[in-house]
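Positions 7 to 186 (my numbering) are the ones given, in order, by the sequence shown.
Ideal Cβ positions, reconstructed from N, Cα and C, are used throughout, including at glycine.
Please read these numbers as outputs of a predicted model, since none were measured by experiment.
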Amino acid sequence: MVRAWYMDSSEEDQRLEHHRDPPHFIDLDELFRTTGVEYFKLNPDDPVQDEKLEKIKLDRNYTYEDQIICSKECLPNYDEKLRSFFTEHLHTDEEIRLVLEGSGYFDVRDGKDEWIRIEVVRGDMIVIPSGIYHRFTLDSKNFIKAKRFFIGEPVWTPHNRPADNMECRELYLQKLIKGF
Ligand SMILES: CSCCC(=O)/C(O)=C/O
Ligand SMILES: [Fe+2]
Numbered sequence: 007m008v009r010a011w012y013m014d015s016s017e018e019d020q021r022l023e024h025h026r027d028p029p030h031f032i033d034l035d036e037l038f039r040t041t042g043v044e045y046f047k048l049n050p051d052d053p054v055q056d057e058k059l060e061k062i063k064l065d066r067n068y069t070y071e072d073q074i075i076c077s078k079e080c081l082p083n084y085d086e087k088l089r090s091f092f093t094e095h096l097h098t099d100e101e102i103r104l105v106l107e108g109s110g111y112f113d114v115r116d117g118k119d120e121w122i123r124i125e126v127v128r129g130d131m132i133v134i135p136s137g138i139y140h141r142f143t144l145d146s147k148n149f150i151k152a153k154r155f156f157i158g159e160p161v162w163t164p165h166n167r168p169a170d171n172m173e174c175r176e177l178y179l180q181k182l183i184k185g186f
């Protein structure tokens, strides 16, 4: 089950969970009602082969897709890119992501401008509607690999330009084995 919660206002490390005291979780219905964010659970063993994915793509006309890996080894201009992802922003298109490996947090503003943090892990597909303020951060494991879906090829900007390098996965796994 995907977890989503209202964030505290501390300036501590963005990669921490940032729960309020006491924690204030919200369920998927409330998340959708307050932000318009949609969530689909795909098979975590093999999200890409899950037949639900083909149906979602067809129903919503997601005709263009690519992959992104966010890790120090794989993402050129890593620090700058992550700063850009974590800077509050909005798009004229939906932001559609399916997590293939790793994990991270999407933060979205509710109707009262409060931040809600959504934890995403392998098999989680999230659709952030156009026009709502959001941001993304890695968690303390510092790795996520995700598919990105678009309705037609997007207009490329410095923010969304792809920079994939599959060899990075090997580097990451080696680091995991050696314990960084
Ligand atoms: C897990 S995808 C990385 C974040 C991203 O692609 C984006 O556009 C954030 O706004
Ligand atoms: Fe975005």
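| Asked | Found |
| --- | --- |
| Short of 6 Å in beta carbon distance, which residues of its chain neighbour N67, apart from the five on each side in sequence? Order them along the chain. | I157 |
| As a quick exercise: from D19, A10, R9, pick the residue whose alpha carbon is nearest that of L144. | D19 |
| Unbroken alpha helix (DSSP H) runs of length 4 or more, entirely within the region 27-106: which are they? | 34-41, 57-66, 84-92 |
| What's the gap between the Cα of H97 and the Cα of I134? | 9 Å |
| Between the Cα of V114 and the Cα atoms of N166, V43, E107, which residue gives the shortest distance? | V43 |
| Helix, strand or coil: how does DSSP classify K184 here? | helix |
| So is the beta-carbon of H140 under 7 Å away from any non-hydrogen atom of ligand 2? | yes |
| Is the region 9-16 in contact with the region 86-101, if contact means three or more CB pairs nearer than 8 Å? | no |
| Starting from A169, trace the beta strand (DSSP E) in both directions and tell me its first and last residue. | Looking at the DSSP string, A169 is not in any beta strand (DSSP E), and its letter there is neither H nor E. |
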